[in-house]
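Protein chains in written order, with the numbering used here: chain A, 7 to 279; chain B, 27 to 334. Just so you know, even glycine gets a beta-carbon here, dropped at the ideal spot from N, CA and C.
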Amino acid sequence: MTLTATTRSSMVTRIIPDVLFDVRRPQRLIERSVMVYRRSPMVIFSGFFEPLFYLLSMRVGLSSLIGDVEVGGRLVPYAEFVAPGLMASAAMNGAVFDSTMNVFHKWKHARLYDSLLATPLSAGDVAVGEIGFAVLRGVLYSGAFLVTMLALAMVQSPWMILSLPACALIGSAFAAMGMACTTFMRSWADFEYVPAVTLPLFLFSATFYPVSSYGDWSWVLQLSPLYHGVALVRAANLGEFSIGVLGHLAVLVSVTVIGVAVTARRIETLLLK
Amino acid sequence: MAEPLIEARSLVKRFDSFVAVDGIDIDVQPGEAFGFLGPNGAGKTSTMRMIGCVSPVSAGSLTIFGLDPRLDGRDIRSRIGVVPQMDQLDAELTVEENLIIYARYFDIKKGEARRRTSDLLDFVQLTEKAGDKVDHLSGGQKRRVSIARSLISEPELLLLDEPTTGLDPQARHVLWDRLYRLKERGATLVLTTHFMDEAEQLCDRLVVMDRGKIVAEGSPRSLISQYSTREVLEMRFGRDRNKEHLDEVEAVGERVEVLPDRLLVYAADGEGVLATLRERNVVPDSALVRRSSLEDVFLRLTGRSLAD
Ligand SMILES: Nc1ncnc2c1ncn2[C@@H]1O[C@H](COP(=O)(O)OP(=O)(O)OP(=O)(O)O)[C@@H](O)[C@H]1O
Ligand SMILES: [Mg+2]
Chain A
7 MTLTATTRSS
17 MVTRIIPDVL
27 FDVRRPQRLI
37 ERSVMVYRRS
47 PMVIFSGFFE
57 PLFYLLSMRV
67 GLSSLIGDVE
77 VGGRLVPYAE
87 FVAPGLMASA
97 AMNGAVFDST
107 MNVFHKWKHA
117 RLYDSLLATP
127 LSAGDVAVGE
137 IGFAVLRGVL
147 YSGAFLVTML
157 ALAMVQSPWM
167 ILSLPACALI
177 GSAFAAMGMA
187 CTTFMRSWAD
197 FEYVPAVTLP
207 LFLFSATFYP
217 VSSYGDWSWV
227 LQLSPLYHGV
237 ALVRAANLGE
247 FSIGVLGHLA
257 VLVSVTVIGV
267 AVTARRIETL
277 LLK
Chain B
27 MAEPLIEARS
37 LVKRFDSFVA
47 VDGIDIDVQP
57 GEAFGFLGPN
67 GAGKTSTMRM
77 IGCVSPVSAG
87 SLTIFGLDPR
97 LDGRDIRSRI
107 GVVPQMDQLD
117 AELTVEENLI
127 IYARYFDIKK
137 GEARRRTSDL
147 LDFVQLTEKA
157 GDKVDHLSGG
167 QKRRVSIARS
177 LISEPELLLL
187 DEPTTGLDPQ
197 ARHVLWDRLY
207 RLKERGATLV
217 LTTHFMDEAE
227 QLCDRLVVMD
237 RGKIVAEGSP
247 RSLISQYSTR
257 EVLEMRFGRD
267 RNKEHLDEVE
277 AVGERVEVLP
287 DRLLVYAADG
297 EGVLATLRER
307 NVVPDSALVR
317 RSSLEDVFLR
327 LTGRSLAD
């Protein structure tokens with residue numbers, strides 16, 4: 007112990023909670039998840055297909071019906087406009103699934119986290135480790151998505167490689183929020199609310215139509231973390247980065263930090279009684 | 027005497043307004059086997075959880091290895107092994123994987139984790155179950171996996187909350203033997219139990235808790251001599267008739283305990299008491315003289331039999 011809790015919190019003036027300083031071995035949680043899924047890899051692979059089918063249907067079907075869309079002063083075919091939106095949404099959905107249902111099961115039914123907290127792992131390790139695995143899983147899907155886009159010649163710029171870290175960040179933000187919300191859930195019935203949040207986000211985050219079509223309501227988009235993710239992936243696909251990218255990054259990073267901190271705190275207060 | 031490994035002073039655990047542990051003092055010396063005895067709800071698990079750094083201290087002080095759980099929980103936990111009252115095995119993993127990943131939580135290298143896992147599975151006689159999911163094990167087998175898992179980090183201090191509940195007699199004796207050997211190698215054991223024979227066999231010293239307080243403390247032998255007599259005469263007069271002869275019995279025994287199904291008479295010479303009673307025409311349906319045990323101490327102190 008070099009820094010005590012009090013000196014730390016005065017140093018950073020409570021912007022970042024103490025629990026986040028006590029993260030040392032989150033990779034052990036990832037190791038555990040790999041151990042679990044090693045035996046049933048199909049569970050992971052099945053997640054690849056949904057976004058890919060979406061992509062194909064957009065490419066083959068909708069594109070022929072809908073004309074080009076203007077993004078950043080440039081016309082792109084609709085399928086290439088929508089693909090980054092789908093990619094970002096896939097990252098969101100994967101992360102949310104892993105951090106809600108899966109986490110709830112481990113928390114309430116398997117009582118996994120109780121046993122972890124009796125080892126040298128901390129609440130912060132558990133939060134970061136579980137969220138980390140959800141992110142890894144999401145990045146895996148995003149990677150498959152990217153390869154498919156390449157194969158279908160839908161990638162506009164080599165900068166599109168940056169969509170992977172962007173998707174990792176989207177995954178982090180949603181996994182952190184998802185897990186934080188899960189700590190407040192009392193039963194499986196509460197999970198009904200999850201799609202009630204993610205579906206509107208999916209539909210109304212400038213995923214399917216450009217910001218301009220939102221008219222006077224476009225400011226609402228700012229409230230959707232997914233919108234910021236879609237904007238990042240779209241920027242990567244076009245290879246055009248404006249100063250606004252920094253804002254999008256800042257939003258996603260903040261959501262991640264808040265989500266992780268709330269999760270770790272909740273683990274401490276609920277399980278360490 | 028060496029510095030105590032666990033030191034608690036006026037230790038309190040509160041759940042909202044309910045006081046589960048009510049100001050207890052404990053010193054556990056290195057290398058000692060220390061036991062907690064007490065009826066359900068006495069506060070044994072609550073105390074164990076505070077020592078295991080998974081439950082914050084409400085008031086008073088507690089140090090383990092001279093460290094404060096509030097500041098050094100992680101360091102303390104890395105040096106202790108825990109068998110919780112309820113098994114908390116990883117249901118998504120096999121028996122073997124449960125042990126290996128647990129070792130990894132303690133930063134033990136993979137090769138070493140594997141080696142220890144196979145040794146420990148051998149010890150708890152579950153080698154042939156290594157590849158099974160833990161859900162498919164029997165209750166006693168799960169208990170044995172929990173015990174093996176708690177030993178994987180070769181802890182200096184072992185916290186065992188009712189370790190042998192659910193084990194068959196043979197497995198219990200094997201475990202006692204292993205715990206005894208661990209202790210010989212210098213490990214410190216802290217355990218709770220409802221089995222008096224277990225406490226007598228394993229514990230150098232124990233405390234009896236009741237309603238959050240320590241009501242007696244000492245070695246099993248000293249507790250027996252302090253709170254009980256050398257022998258106990260157990261008599262049955264048949265249901266509802268146990269109380270009929272209470273006056274006559276109380277006249278000859280040092281102390282009498284009325285249980286629903288029998289009378290316990292505490293005396294130095296049980297046979298002598300029985301003979302005297304027979305002379306006075308107090309003839310029980312059945313009678314048994316035995317040496318007194320911790321169970322009698324327990325009954326005396328908590329006013330409850332374990333069957334309650
Ligand atoms: N998380 C909790 N919230 C509220 N009350 C609790 C909690 N845990 C324990 N208690 C209460 O504290 C008291 C002591 O419980 P504890 O588990 O320490 O008893 P115990 O001595 O281990 O009993 P047993 O022999 O049944 O295991 C009980 O009355 C219990 O209801
Ligand atoms: Mg208990």
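Hey, does L208 of chain B have any beta-carbon neighbour from chain A nearer than 8 angstroms?
no
Which partner residues of V291 of chain B appear in the DSSP bridge assignment?
B:L259, B:V282
Between R140 of chain B and chain A, is there a C-beta pair that is closer than 8 angstroms?
no
Based on Cα-Cα distance, which residue from B:L193, B:S43, B:E274 lies nearest to V291 of chain B?
B:E274
Selection of the segment 61-93 of chain B by Cβ proximity to chain A, strictly under 7 angstroms
G78, V80, S81, P82
Following the continuous beta strand (DSSP E) through F324 of chain B, name the residue where it begins and the one where it ends.
Not the beta strand (DSSP E): F324 of chain B falls in the alpha helix (DSSP H), residues 320-328.
Measuring CB to CB, does D48 of chain B end up less than 8 angstroms from E33 of chain B?
no
CA-to-CA distance, V278 of chain B to K308 of chain B, given in whole angstroms:
Checking the sequence shown, residue 308 of chain B turns out to be Val, not Lys. Approximately 11 angstroms, taken between the alpha carbons.
Using C-beta distances below 8 angstroms, list every residue in its chain close to L93 of chain B, excluding the 5 sequence neighbours before and after it, in chain order.
D101, I102
Report yes or no: is there a C-beta of chain A within less than 8 angstroms of the C-beta of S104 of chain B?
yes
Quick one: Cα of L37 of chain B to Cα of L289 of chain B, how far?
37 angstroms
Express the C-alpha separation of L97 of chain B and V239 of chain A in angstroms, rounding to a whole number.
43 angstroms
Taking only heavy atoms of ligand 2 into account, decide whether any of them is closer than 7 angstroms to the Cβ of K239 of chain B.
no
Report the rounded CA-to-CA distance for V244 of chain A versus T262 of chain A, giving the unit in angstroms.
Checking the displayed sequence, the identity of residue 244 of chain A turns out to be Leu instead of Val. Each residue's Cα considered, the two are about 26 angstroms apart.
Would a check of beta-carbon distances place V108 of chain B closer than 8 angstroms to chain A?
yes
Taking only heavy atoms of ligand 4 into account, decide whether any of them is closer than 7 angstroms to the Cβ of K114 of chain A.
Ligands displayed in this structure: ligand 1 and ligand 2; ligand 4 is not among them.
If you reduce the DSSP assignment to three classes, tell me which class S176 of chain B lands in.
helix
Run through DSSP, which three-state label would L163 of chain B get?
coil
Hey, is Q111 of chain B close to ligand 2, as in C-beta under 7 angstroms from one of its heavy atoms?
yes
Beta-carbon spacing of D74 of chain A, L81 of chain A below 8 angstroms:
yes
Beta bridge counterpart(s) of G61 of chain B as assigned by DSSP:
B:L217, B:L232
Against chain B, which members of the segment 118-140 of chain A pass a CB distance test of less than 8 angstroms?
L118, D120, S121, L122, L123, A124, T125, P126, L127, S128
Let me check understanding here. Comparing Cα to Cα, which of A:G177, A:S63, A:L62, A:M183 lies closest to G144 of chain A?
A:G177
Nearest by alpha-carbon distance to R237 of chain B: which of B:V108, B:E180, B:P65, B:L31 is it?
B:P65
Extract the residue ranges of the alpha helix (DSSP H) inside the segment 115-181 of chain A, only unbroken runs of 4 or more that lie entirely within it.
118-123, 129-157
Ordered along the chain, which non-local residues of its own chain (more than five positions away) have a Cβ less than 7 angstroms from that of S16 of chain A?
Since pLDDT at S16 of chain A reaches only 48, below the 50 mark, its modelled position is unreliable, and the value read off the structure follows with that caveat. Cβ neighbours of S16 of chain A beyond the five flanking positions: none.
Verify whether the separation of the beta carbon atoms of I178 of chain B and V109 of chain B is less than 8 angstroms.
no
For M7 of chain A, which of helix, strand or coil comes out of DSSP?
With a pLDDT of only 39 at M7 of chain A, under the threshold of 50, the placement of this residue in the model should not be trusted; the figure read from the coordinates follows. Three-state result, M7 of chain A: coil.
Quick one, are the C-beta atoms of S318 of chain B and E226 of chain B less than 8 angstroms apart?
no
CA-to-CA distance, A293 of chain B to H271 of chain B, given in whole angstroms:
17 angstroms
Closest by CA to P90 of chain A, which one among A:A186, A:S163, A:A181?
A:S163
For chain B, is any of its Cβ atoms less than 8 angstroms away from the one on L276 of chain A?
no
Go to C45 of chain B, then tell me how far its alpha helix (DSSP H) extends in each direction, as first and last residue.
The sequence given here places Val at residue 45 of chain B; Cys does not occur at that position. No alpha helix (DSSP H) contains V45 of chain B, which is instead part of the beta strand (DSSP E) from 44-54.
Determine, for K279 of chain A, whether the minimum Cβ-Cβ distance to residues of chain B falls below 8 angstroms.
yes
Neighbouring residues, chain A, relative to Q114 of chain B (Cβ below 7 angstroms):
R117, D120, S121
DSSP puts A242 of chain B in a beta bridge; with which residues?
B:V234
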